[in-house]
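Residue numbers (the numbering used here): 1003 to 1278.
Yeah, the Cβ is synthetic: ideal placement off N, Cα and C, and Gly gets one too.
These numbers come from a predicted model, not from an experiment.
Since the structure comes first, as structure tokens, the remarks are kept for the end.
Here's what the structure looks like:
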């Protein structure tokens, strides 16, 4: 069995940054439409619920937040679909076989996104059934320790599977393998031997985003509130948070493309892409 090359996360980050820098106009246009605007609309239409009043019981607090997330679920799903289409469109721009127009990349990305969502829905359903059975068997024992170990095992296994399948999107968009029977095993094979590196890379990206978002929102929110008031600050902070989220998702998308190319190796046509 051929061993995969070791992922150079520093190189992946440099290539992702170079891709954005070299294709700024097209990528920002896609990020603005598919990442920024949906996130901003969600933040304005469904602002995060205030902290549950202290007088609430734990059950009432759960119901309080459950109602919010249930009511916002349709928009959350729509926003998620929009982000996946945008990500697929970005990946299509770096397919390497030819340099598609932005419109062509979006059109093909939409088809890729539909196939990807159906694949992930089926996979998630299967995973939920298996995880539910494992937890149910553990619960039957009546031992909290057994249930805790089973829960931890399920989380670890699901995290492992997530990393092994993280390249399904670039496999579909870049390699054109839309059939789940081909794209899922392909991602599994490409990530062999690099699970730890990919997981650490993604965790660092998420951590950096969360820290920056928290700091900017807090400092910027206080400064703007002094000038525009609480309501004005909420709108401005929502705009800033949506912009930061769009930039993060943009870097995440190009990072997936860079990781895929590094592990899959460039094709002859691929040599003409931004990652040269």
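Same chain, Cβ closer than 8 Å to residue i, neighbours up to 5 away in sequence not counted
{"i": "residue 1226", "result": "1234, 1235, 1238 and 1239"}
{"i": "residue 1126", "result": "none"}
{"i": "residue 1222", "result": "1238, 1239 and 1242"}
{"i": "residue 1102", "result": "1094, 1095 and 1110"}
{"i": "residue 1207", "result": "1250, 1253, 1254 and 1257"}
{"i": "residue 1045", "result": "1240, 1243 and 1244"}
{"i": "residue 1137", "result": "1149, 1152, 1153 and 1156"}
{"i": "residue 1072", "result": "none"}
{"i": "residue 1014", "result": "1203, 1257, 1260, 1261 and 1264"}
Proximity winner among the options, relative to residue i (alpha-carbon distances)
{"i": "residue 1180", "options": "1113, 1149, 1146 and 1084", "result": "1113"}
{"i": "residue 1041", "options": "1074, 1259 and 1186", "result": "1074"}
{"i": "residue 1164", "options": "1140, 1212 and 1189", "result": "1189"}
{"i": "residue 1263", "options": "1150, 1218, 1175 and 1220", "result": "1175"}
{"i": "residue 1032", "options": "1066, 1108 and 1119", "result": "1108"}
{"i": "residue 1120", "options": "1044, 1104 and 1083", "result": "1083"}
{"i": "residue 1185", "options": "1122, 1025, 1038 and 1212", "result": "1122"}
{"i": "residue 1105", "options": "1029, 1012 and 1024", "result": "1029"}
{"i": "residue 1009", "options": "1070, 1219, 1199 and 1216", "result": "1199"}
{"i": "residue 1039", "options": "1153, 1178, 1085 and 1219", "result": "1085"}
{"i": "residue 1178", "options": "1124, 1118 and 1132", "result": "1118"}
{"i": "residue 1070", "options": "1047, 1081 and 1087", "result": "1047"}
Nearest-angstrom beta carbon gap, residue j and residue i [assumed within contact, 8 Å]
{"i": "residue 1193", "j": "residue 1166", "result": "5 Å"}
{"i": "residue 1034", "j": "residue 1248", "result": "7 Å"}
{"i": "residue 1006", "j": "residue 1265", "result": "6 Å"}
{"i": "residue 1129", "j": "residue 1079", "result": "So it is not a contact: roughly 19 Å between Cβ atoms."}
{"i": "residue 1115", "j": "residue 1090", "result": "5 Å"}
{"i": "residue 1037", "j": "residue 1087", "result": "Actually they do not touch by this definition, with Cβ atoms about 10 Å apart."}
Residues near residue i by beta carbon distance below 7 Å, same chain, minus five either side
{"i": "residue 1162", "result": "1197"}
{"i": "residue 1018", "result": "1253, 1256, 1257 and 1260"}
{"i": "residue 1218", "result": "1242 and 1246"}
{"i": "residue 1191", "result": "none"}
{"i": "residue 1139", "result": "none"}
Beta-carbon proximity list for residue i, same chain, < 6 Å, skipping 5 on both sides
{"i": "residue 1259", "result": "1093, 1096 and 1172"}
{"i": "residue 1211", "result": "1250"}
Residue i beta carbon near the ligand PLP (any heavy atom closer than 7 Å)
{"i": "residue 1021", "result": "Annotation note on the ligand PLP: not contained in the displayed structure, which lists no ligands."}
Whole runs of the beta strand (DSSP E) within the stretch 1186-1258, excluding any shorter than 3 residues: Listed in chain order, there is nothing to give.
Complete runs of the alpha helix (DSSP H) confined to the stretch 1014-1083 [at least 4 residues]: Segments of the alpha helix (DSSP H) lying fully in the stretch 1014-1083: 1026-1033 and 1039-1047.
Sequence ranges, alpha helix (DSSP H) only - wholly within the stretch 1132-1184, length at least 4: The stretch 1132-1184 contains, as complete alpha helix (DSSP H) runs of 4+ residues, the segments 1146-1166 and 1170-1177 (chain order).
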